[in-house]
Amino acid sequence: MYRGEGKFKTSARHWTETTKKVRGMLKDQYAGAHTTDKPVVWSMLAMINELYMAMDVYPLYPENYAGLCATKRVADPFLERAQADGFSDVCCTYAQTGLGYAAMCQDIGQIPDFAPDGGMAKPMMLVGSSLVCDTRFKWFQSFARYLDVPYYAFDMPIPRSMRPDTAMGYLNYTVEQMRGLVEFMERVLGKKMNWDKLDEIVTRTQKTYECWYEAFITSASAIPCPMPAEDTLTNFAPAFFMTGSEEALNFYQELLEEVKGKIERKEGVVPEEKYRLIWGSGLPPWHTMNVFNSVEERGAVFVYQCAYQPFAPMEIPGITDPLMRMLLGRGLPASRRLAREMPTEEFSLVDMSSPAFFIEPFKADGIVISMLRSCRGTSIGQTYLKRKIQEQAKVPVLILETDICDVHAHSEANVAARFDAFFETLESRKKAGAS
Amino acid sequence: MAKGLERAKELYENRGLRASELKDKGKKVMGYICCFPPIELITAADMVPFRITGSQEPITEADAYLETLMCPFVRSCFDQGIKNRYSFVDGIIWPHTCDNVEKTYDVWKRYVPHSFYYYLDVPHMADPSSFEFFTGQLEALKSALEKFAECEISEQKLVEAINIHNQNRNLLRQLSEFRKQDPPLISGSEMTQVMVASTTIPADECNQMLREIIEEVEGRNDGPEKKAARLLVYGCEIDDVGFIKLVEQSGANVVIDDLCLGTREYWKDIPTEGSPIRNLADHYLGDIKCPRTFLRATGTRQDDLDNRFGHIRDFAKDYNANAAILYIIQYCDTFEFDAPDVRDYLEQSGIRVLHLEDDYVMSNVGGIETRIQAFLEVISNV
Chain L
708 MYRGEGKFKT SARHWTETTK KVRGMLKDQY AGAHTTDKPV VWSMLAMINE
758 LYMAMDVYPL YPENYAGLCA TKRVADPFLE RAQADGFSDV CCTYAQTGLG
808 YAAMCQDIGQ IPDFAPDGGM AKPMMLVGSS LVCDTRFKWF QSFARYLDVP
858 YYAFDMPIPR SMRPDTAMGY LNYTVEQMRG LVEFMERVLG KKMNWDKLDE
908 IVTRTQKTYE CWYEAFITSA SAIPCPMPAE DTLTNFAPAF FMTGSEEALN
958 FYQELLEEVK GKIERKEGVV PEEKYRLIWG SGLPPWHTMN VFNSVEERGA
1008 VFVYQCAYQP FAPMEIPGIT DPLMRMLLGR GLPASRRLAR EMPTEEFSLV
1058 DMSSPAFFIE PFKADGIVIS MLRSCRGTSI GQTYLKRKIQ EQAKVPVLIL
1108 ETDICDVHAH SEANVAARFD AFFETLESRK KAGAS
Chain R
2 MAKGLERAKE LYENRGLRAS ELKDKGKKVM GYICCFPPIE LITAADMVPF
52 RITGSQEPIT EADAYLETLM CPFVRSCFDQ GIKNRYSFVD GIIWPHTCDN
102 VEKTYDVWKR YVPHSFYYYL DVPHMADPSS FEFFTGQLEA LKSALEKFAE
152 CEISEQKLVE AINIHNQNRN LLRQLSEFRK QDPPLISGSE MTQVMVASTT
202 IPADECNQML REIIEEVEGR NDGPEKKAAR LLVYGCEIDD VGFIKLVEQS
252 GANVVIDDLC LGTREYWKDI PTEGSPIRNL ADHYLGDIKC PRTFLRATGT
302 RQDDLDNRFG HIRDFAKDYN ANAAILYIIQ YCDTFEFDAP DVRDYLEQSG
352 IRVLHLEDDY VMSNVGGIET RIQAFLEVIS NV
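Protein chains in written order, with the numbering used here: chain L, 708 to 1142; chain R, 2 to 383.
Below, the structure written as structure tokens:
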């Protein structure tokens, strides 16, 4: 038995009924991969699920599976297996979990019986990308130690200016890289891309994203907030891992309706909100998601999280290439749409991920940032952001040291002590403001 | 003024020495980090290219700005920057090489004062579209440098700069040839000093220094002693002699490397025929074998490994190295991910490997020394 398994409930309690369906949807996705006639691809998240749907490929996302292993507190054996092969214990623990899983499958010739949801079905191909961090293409390259399947990685660089001459260079390059992925799949599968089908799927994605965006932003703006971060850290999954499907569209339509209904009825997570918080940059500790519920006992609620935000489509008329439409559909983070501005001068990528954008629109009193031992992609710049937010927005910022999958990098006692101090600060600020 | 190896040592120990002198005489100094900014563009703009390095002194200021769970080399560079050790640097070219470097740019730009900042996006892929994209990035960099330096970088000036830097690479390769002898005529730690020194001065001065060093080394009779083992060192940034010296003092000759301040930088020349900007793009994206650049697999797994790591095996063979040390700086993710494959590949090629993960400043020097000594003992008994 691993730490905590079967003893304590460490996952989060959810507040929206629609969110409670996600677990079953993902369970079905993993189970379905074992019985489907479609070729299975293991993919890094790069917002390209539509391509798999159009090519009749069945995608699984090992990073999502790693999070599931952490939530179930069974990641340890996978982490240890990867480390036994020489992978550093500071490497991304999504990657370590995935590599350890593949290595153990190879070791014993089958999926380990403790793997949640029946494990990940063996893939026919792998797809990685450079979006967000280096690990996303390096990790999948390392899979070749255990899996003899073709691998395609592609670039998704982020421009530092939205000046048309700069931004279009980036967009055109990324489209070419995506076209390379299509050609790769065509070669491996021996069939051609159905571009008309892709176009339909992309249109459905755009509708899905609109509902997703509206549900998240409406909820975060409402007082009291009806859908807290622990819900949105679960119900982002269909938008990320089932993009383009009818199922995802129906899900967000239902979620939006539920959120609107709760707002009308003034149903909040915490009826009398004492503090409204933002889960700032950094992914959550999947092994200890009840940390979100813990603040609710103090009259606080995480009204928004910046880890998995909805996209704000860029509107450029006359674009017909479905690949370009895909890219533009996720061209801007929510913060830009809220700010209603397009930066034309060079901007800071770290600043672009700042939770500071959301303080005023969501009437936030404080920000909590998770600094992850194994994640450079989200953690570098957080100290800088904290300094800047405290200087400019003058809102308290708490940095929690933890990890996405490695529960040993997380101290519950330490987190509780930090929260105690943080809430004292919030309280004294509130009193000072009232006087 | 000191000459040859003595000059290299002087510049290694006081890295801003010559660049500061030149700045005082009116030259602009352009800083850069990592292997990827094309220094030929800086030279062609009549500026002094100056490589930003870290330091073995304790990090005391950077903690307030950067996380401790990131690359300690980059943190050390920032620590130097925030302490004004690079106050003589007029501008900075900051490439997107890895997450650590990429994300530090924003923090550097806000807190370390220069007159010019440039973020150079370097693709991670090396496809035809990537080379096109990177060529565009270099065109934009060229325009920005022209504006800052207030001079035109003509095609002729750029070809001349490529030529002078090619001479630099050629001289470093000539110097490396002396490492083939047993014992080598130049030690690994001396080579590190030369490499660091060569990134702090203009290319023409560097060529002069290297010619002096070659002449000195060729005729020397006070070179390194013959040791029991001949080693290759693989890793990312080693800009201090401490680690190499420790290996050498433990009983080995370090005879070749695959390092960022080593062969990775000088092993291949840049063609001078055709578009010089395109040639720069081809070289920096195509020739520098750093794990941050993804090489697409073609053929079998073995073909892929040969393509990615065959040059390390060949270095070991050509320099008669019987073992290798992988010196991996903690939190350097791209190297961390490749390390198990590099280790297995070299061992399958008959090269014994010691895989070390360190914090860049060897805070656990005793533990590292013990592991090196044990490793040398094992390989000497084979």
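Cβ coordinates follow ideal geometry from the N, Cα and C atoms, glycine included.
Between the CA atoms of residue j and residue i - distance to the nearest angstrom
i, j, result
"residue 75(R)", "residue 34(R)", "9 Å"
"residue 841(L)", "residue 220(R)", "46 Å"
"residue 855(L)", "residue 970(L)", "51 Å"
"residue 325(R)", "residue 317(R)", "8 Å"
"residue 806(L)", "residue 812(L)", "10 Å"
"residue 797(L)", "residue 1025(L)", "46 Å"
"residue 109(R)", "residue 1014(L)", "24 Å"
"residue 187(R)", "residue 211(R)", "13 Å"
"residue 839(L)", "residue 905(L)", "25 Å"
"residue 830(L)", "residue 749(L)", "6 Å"
"residue 710(L)", "residue 371(R)", "Caution is warranted here: a pLDDT of 45 is assigned to residue 710(L), below 50, making its placement in the model unreliable, and the coordinate value is therefore given only provisionally. Distance between the alpha carbons of residue 710(L) and residue 371(R): 34 Å."
"residue 242(R)", "residue 382(R)", "27 Å"
"residue 778(L)", "residue 1112(L)", "8 Å"
"residue 837(L)", "residue 968(L)", "39 Å"
"residue 69(R)", "residue 928(L)", "35 Å"
7 Å Cβ cutoff met for residue i and residue j
i, j, result
"residue 207(R)", "residue 333(R)", "no"
"residue 989(L)", "residue 1077(L)", "yes"
"residue 835(L)", "residue 762(L)", "no"
"residue 1070(L)", "residue 983(L)", "yes"
"residue 166(R)", "residue 274(R)", "no"
"residue 234(R)", "residue 258(R)", "yes"
"residue 279(R)", "residue 136(R)", "yes"
"residue 146(R)", "residue 121(R)", "no"
"residue 997(L)", "residue 719(L)", "yes"
"residue 935(L)", "residue 966(L)", "no"
"residue 253(R)", "residue 230(R)", "yes"
"residue 51(R)", "residue 90(R)", "yes"
"residue 80(R)", "residue 65(R)", "no"
"residue 766(L)", "residue 759(L)", "yes"
"residue 87(R)", "residue 95(R)", "no"
"residue 859(L)", "residue 888(L)", "yes"
"residue 1052(L)", "residue 867(L)", "no"
"residue 702(L)", "residue 1035(L)", "It is not possible to answer for residue 702(L), since the shown part of chain L is limited to 708 through 1142."
Cβ neighbour criterion (16 or more within 10 Å) applied to residue i
i, result
"residue 1131(L)", "exposed"
"residue 1060(L)", "buried"
"residue 349(R)", "exposed"
"residue 104(R)", "buried"
"residue 871(L)", "exposed"
"residue 192(R)", "buried"
"residue 379(R)", "exposed"
"residue 708(L)", "Any reading at residue 708(L) must be qualified, since the residue scores a pLDDT of 38, below 50, and its modelled position is unreliable; no value is offered."
"residue 365(R)", "exposed"
"residue 125(R)", "buried"
"residue 303(R)", "exposed"
"residue 225(R)", "buried"
"residue 204(R)", "buried"
"residue 1110(L)", "buried"
Residues that DSSP places opposite residue i in a beta bridge
i, result
"residue 781(L)", "None; residue 781(L) has no bridge partner."
"residue 392(R)", "Given a span of 2 to 383 for chain R in the structure shown, any question on residue 392(R) remains unanswerable."
"residue 766(L)", "748(L)"
"residue 819(L)", "The partner list for residue 819(L) (beta bridge, DSSP) is empty, contrary to what the question assumes."
"residue 258(R)", "234(R)"
"residue 140(R)", "Partner(s): none; residue 140(R) has no beta bridge."
"residue 831(L)", "Residue 831(L) pairs with nothing; no bridge assigned."
"residue 96(R)", "121(R)"
Within-7 Å CB hit, residue i to chain A
i, result
"residue 880(L)", "This model lacks chain A altogether, as its protein chains are L and R."
| task | Could you name the residues of the stretch 937–964 of chain L whose beta carbon sits closer than 7 Å to any beta carbon of chain R, in the order they occur along the chain? | result | none
Residues of the stretch 339–364 of chain R with a CB closer than 9 Å to any CB of chain L: list them in chain order, please.
-> 339, 340, 341, 342, 344, 345, 356 and 358
*Of the residues that make up the stretch 790–818 of chain L, which ones have a beta carbon closer than 8 Å to any beta carbon in chain R?*
792, 793, 794, 795, 797, 798, 799 and 802
When you check each C-beta in the stretch 1066–1095 of chain L against every C-beta of chain R, which residues fall closer than 9 Å? 1078, 1079, 1080, 1081, 1082, 1083, 1084, 1086, 1087, 1088, 1089, 1090, 1091, 1094 and 1095
Taking any Cβ of chain L, which residues in the stretch 299–330 of chain R have a Cβ under 8 Å from it, in chain order?
302, 305 and 329
Against chain L: residues of the stretch 115–145 of chain R by CB proximity under 7 Å
120, 122, 124, 125, 126, 128, 130, 131, 134 and 137
Using a Cβ-Cβ cut-off of less than 8 Å, give me the residues of the stretch 20–43 of chain R that come near chain L, in sequence order. none
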